[in-house]
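Trainee: Residue numbers (the working numbering), protein chains in the order written: chain X, 1 to 492; chain C, 493 to 680. All C-beta atoms in this analysis are idealised placements derived from N, C-alpha and C, irrespective of residue type, glycine included.
Quick look at the structure:
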């Protein structure tokens with residue numbers, strides 16, 4: 001009963017101008033930060049921290065929490081309209097979102113991503129409210145061997161991403177994993193594949209790599225198909241928006257992905273991108289038409305978006321319940337809380353329930369505000385797809401250049417972004433999917449660090465003696481095998 | 493192992509890179525003149541990956557190894573390198589046995605290469621005349637090259653983007669957009 005009365009008090013706190021303005025401003029800024037390649041949710045939150053110094057802790061957390069929620073949705077806008085994921089997790093949204101736009105149905109992609117994000121964010125927040133304490137305790141008890149198996153489970157999605165080109169998909173993932181080993185080894189401090197270049201000491205940054213692999217490679221592909229003489233007319237005369245029954249058809253996918261996204265979000269280091277990949281994979285495997293994934297299936301958009309938005313609720317679980325930041329954004333949030341003399345952890349629920357429950361209430365309201373603003377804004381986003389190629393292609397290049405520079409203020413990042421763009425264009429030309437490269441880069445660090453920690457702690461046998469590790473291994477093997485078995489069954 | 497280590501750094505590494513480049517050239521030369529010439533790209537790709545894996549393998553031989561724990565900095569890269577070798581062989585077999593389609597047709601490569609040159613020129617210009625001037629030149633040049641000649645749109649889009657970059661990235665986000673060596677020299 002305490003929980004409900006605290007939650008009601010939290011909602012009561014929102015009944016004022018200041019909290020509501022904070023939510024609306026947070027959602028708008030979050031959508032903009034998410035949609036802009038190069039600005040991640042963590043950067044969006046970090047940039048607003050200085051503006052919260054003079055605000056109360058509650059209002060600060062409401063503002064920053066709203067940015068965090070909305071930034072994950074914002075990333076999908078440019079992913080669907082111009083194949084330029086605004087955030088790493090929106091890479092997965094682009095798999096089916098952009099093909100929908102190419103088919104002249106950007107409204108379906110944008111509408112589905114908005115509704116799935118809202119429902120996902122809502123479910124993630126509900127799970128956060130009701131199960132934060134026991135789930136957080138479970139997550140931090142995981143052994144490195146289990147984290148390694150979690151990464152392997154994440155990598156198993158490659159099997160279904162590749163389809164007939166499975167060998168190419170695995171090759172792409174291996175390349176991503178190998179690229180991830182470039183830089184100073186986090187455990188021994190040895191320089192690996194840096195060629196003595198100090199700019200490579202931290203390896204290749206993820207954001208410039210994904211901007212190059214997705215946005216620039218797409219620009220080069222479009223330029224290759226370009227006919228200088230012909231005037232290209234926009235084919236999007238009137239786009240259709242999904243109706244309620246279309247959304248209703250996606251209910252199982254959204255629900256399943258939201259729960260999975262929240263659970264993945266709880267694990268420190270896992271995060272929205274892995275959640276989106278795993279949910280997409282699960283949606284594809286459970287679909288009656290898995291072959292339509294990657295060609296513009298709204299189910300793919302829904303799975304990715306529901307998962308990455310719900311992972312926000314998950315990521316807040318260890319932050320609030322244990323004081324452990326599991327992602328870059330929650331690390332920034334913990335800093336913002338400390339500025340206001342608020343120490344997250346188990347005592348926070350007892351000592352400052354006003355802060356915790358006003359945040360919970362604000363996150364629920366922020367999802368509704370995001371839906372309203374998203375519906376209104378979608379009419380604007382869609383205009384992007386109507387811009388002629390002659391204007392759009394140079395503009396995407398300009399956005400990509402500043403986006404890759406803004407991450408670390410590094411010119412090297414810009415050059416590597418262009419390099420990844422050319423490599424991505426050639427890879428795609430020969431049928432290599434580029435998403436597994438990103439997946440490899442995302443999971444590489446998690447896999448390597450935990451693999452080595454686990455071996456140091458318990459030798460190689462540790463992966464086969466811990467029950468959770470074995471379960472995850474079996475799930476990974478099953479996940480690898482299912483696409484091949486489905487393919488074989490279809491052939492028979 | 494010591495002989496391999498020689499190629500992992502300094503002059504040995506350059507020699508290795510030259511050998512790999514020559515080998516790749518020979519593969520392209522012979523395949524493009526063989527009965528499999530329509531699969532040249534399909535064959536060259538796995539060869540490039542194998543060369544890359546071999547290069548990384550040689551570099552690994554120069555790592556200082558941690559014997560105590562058994563999981564030094566070389567272990568995980570070796571795992572991925574092994575994977576690259578295995579999948580390269582599978583891809584080669586697929587290309588040679590007809591599992592793969594013939595090489596895709598190339599489109600308008602001239603436009604792509606000119607655009608890549610435009611990007612390179614843009615990146616060089618950023619260092620010399622700064623972000624704002626070079627971006628204006630790039631956007632205008634990029635649109636004109638694609639035969640877009642609505643000057644109202646060209647000017648307003650370029651100006652709008654520069655204003656957005658200035659206010660959002662430079663003023664609000666404190667991104668130090670390059671000012672350019674020439675501009676700094678002139679304006680001090």
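Applying the 10 Å Cβ sphere with the 16-neighbour rule, what's the burial state of residue 606 of chain C?
Mentor: Exposed.
Trainee: Below 8 Å on C-beta distance, what does residue 224 of chain X contact in chain C?
Mentor: 598, 599, 600, 601, 603, 604
Trainee: Counting only Cβ pairs nearer than 7 Å, list the residues of chain X close to residue 635 of chain C.
Mentor: 390, 391, 394
Trainee: Using a Cβ-Cβ distance cut-off of 7 Å, determine whether residue 220 of chain X contacts chain C.
Mentor: yes
Trainee: What residues in the region 645-677 of chain C have a beta carbon less than 7 Å from any beta carbon of chain B?
Mentor: The chain labelled as chain B is not found among the protein chains of the depicted structure, namely X and C.
Trainee: Can you tell me which of C:669, C:550, C:579, C:628 puts its alpha carbon nearest to the alpha carbon of residue 498 of chain C?
Mentor: The option with the nearest alpha carbon to residue 498 of chain C is C:550.
Trainee: Closer than 8 Å is the cut-off here; do at least three beta carbon pairs connect the region 250-263 of chain X with the region 293-307 of chain X?
Mentor: With a cut-off of 8 Å, the region 293-307 of chain X and the region 250-263 of chain X count as touching, because enough Cβ pairs lie within range.
Trainee: Going along the chain, which residues of its own chain have a beta-carbon closer than 6 Å to the beta-carbon of residue 603 of chain C, five neighbours each way excluded?
Mentor: none
Trainee: Note down the Cα distance separating residue 236 of chain X from residue 104 of chain X, rounded to an integer number of angstroms.
Mentor: With a pLDDT of only 48 at residue 236 of chain X, under the threshold of 50, the placement of this residue in the model should not be trusted; the figure read from the coordinates follows. Rounded to whole angstroms, residue 236 of chain X to residue 104 of chain X spans 6 Å at the Cα level.
Trainee: When the Cα atoms are used, what is the spatial distance from residue 60 of chain X to residue 136 of chain X?
Mentor: 24 Å
Trainee: Would you say residue 185 of chain X reaches chain C, if we count a Cβ-Cβ gap shorter than 7 Å as a contact?
Mentor: yes
Trainee: Taking the alpha carbon of residue 657 of chain C as the reference point, which residue from C:625, C:529, C:639 has its own alpha carbon closest?
Mentor: C:625
Trainee: Under the three-state reduction of DSSP, which class applies to residue 472 of chain X: helix, strand or coil?
Mentor: helix
Trainee: Mapping the DSSP letters down to three states, classify residue 184 of chain X as helix, strand or coil.
Mentor: Note: residue 184 of chain X maps to strand in three-state DSSP.
Trainee: Can we say the region 59-73 of chain X touches the region 360-367 of chain X, given the rule of at least three CB pairs closer than 8 Å?
Mentor: yes
Trainee: Give the interface partners of residue 193 of chain X over in chain C, defined as CB-CB distance under 7 Å, in chain order.
Mentor: 548, 551
Trainee: Closer than 9 Å by beta-carbon distance: list the chain X residues that pair up with residue 496 of chain C, in chain order.
Mentor: Residue 496 of chain C does not reach chain X, its nearest Cβ partner there being about 16 Å away, counting only Cβ pairs nearer than 9 Å.
Trainee: Using the C-alpha atoms, what's the distance from residue 473 of chain X back to residue 563 of chain C?
Mentor: 21 Å
Trainee: How about residue 203 of chain X and residue 183 of chain X: do their beta carbons lie closer than 7 Å?
Mentor: yes
Trainee: I want to verify the contact list: residues of chain X whose CB lies under 8 Å from the CB of residue 531 of chain C, in sequence order.
Mentor: By Cβ distance, chain X contributes nothing, its closest Cβ being about 11 Å from residue 531 of chain C, past 8 Å.
Trainee: Between which residues of its own chain and residue 192 of chain X is the CB-CB distance below 6 Å, once the five residues before and five after are set aside?
Mentor: So the list reads 181, 185, once near-sequence residues are dropped.
Trainee: Three or more beta-carbon pairs under 8 Å between the region 13-31 of chain X and the region 312-329 of chain X, yes or no?
Mentor: no
Trainee: Our contact map puts residue 296 of chain X next to residue 100 of chain X with C-beta atoms below 8 Å; I'd like the distance itself, whole angstroms only.
Mentor: At roughly 4 Å, the Cβ-Cβ gap stays under 8 Å, so residue 296 of chain X and residue 100 of chain X are in contact.
Trainee: Compare the C-alpha of residue 346 of chain X against each of X:368, X:35, X:318, X:206 and name the closest.
Mentor: The shortest C-alpha to C-alpha distance from residue 346 of chain X to any of X:368, X:35, X:318, X:206 is the one to X:318.
Trainee: Express the C-alpha separation of residue 414 of chain X and residue 402 of chain X in angstroms, rounding to a whole number.
Mentor: 8 Å
Trainee: Would you kindly report the start and end of the unbroken alpha helix (DSSP H) that includes residue 396 of chain X?
Mentor: 389-408
Trainee: Can you look up residue 192 of chain X in the DSSP assignment and give me helix, strand or coil?
Mentor: strand
Trainee: Using 10 angstroms around the beta-carbon of residue 118 of chain X, count the other beta-carbons present and answer buried if the total reaches 16, otherwise exposed.
Mentor: buried
Trainee: At 8 Å on the CB atoms, spell out the chain X contacts of residue 631 of chain C, in chain order.
Mentor: One finds 394, 395, 398 in chain X with Cβ atoms closer than 8 Å to the Cβ of residue 631 of chain C, taken in chain order.
Trainee: Using a Cβ cut-off of 7 Å (strictly closer), state whether residue 171 of chain X contacts chain C.
Mentor: yes
Trainee: Would you say residue 83 of chain X and residue 71 of chain X are within 7 Å of each other, going by their C-beta atoms?
Mentor: no
Trainee: Check this for me: beta carbons of residue 445 of chain X and residue 434 of chain X, under 7 Å apart or not?
Mentor: no
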